[in-house]
Amino acid sequence: MNNGSLGKPANTRCVQLSETNLCMIFGSPMRPKVCSGLQPTAEMCCSTRGQAMTYLLELEALTAP
């Protein structure tokens with residue numbers, strides 16, 4: 505669900521991710537600023553995908569309006 509400036513719902517897979525989890529609009533002016541502005545760190549990426557998702561969900565909860 506994309507509702508204009510509100511973007512997609514939290515914890516929802518981006519429709520622009522390929523089957524191999526690569527951004528299909530990387531480098532495109534269509535790519536949202538929130539995506540291009542995100543600077544991942546080792547702390548954010550963790551050691552596994554599951555750990556990274558947990559970190560991102562916690563970050564999202566801490567920054568929710």
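In my numbering, the protein residues as written are 505 to 569.
Using N, Cα and C, we set each Cβ at its ideal position, and we do this for glycine too.
Every value quoted in this text rests on a predicted model; they were computed, and no experiment measured them.
(request) Could you say which of Q555, G511, G541 lies nearest to E547 if we only look at CA atoms? (result) Q555
(request) Indicate whether G511 and P536 have their beta-carbon atoms separated by less than 8 Å. (result) It is a contact, given that the beta carbons lie within the stated cut-off.
(message) Just list the residues that DSSP pairs C527 with in beta bridges.
(response) When DSSP reads this structure, C527 sits in a beta bridge with L521.
(message) Whole angstroms are fine: how far does the CA of L563 sit from the CA of G531?
(response) 25 Å
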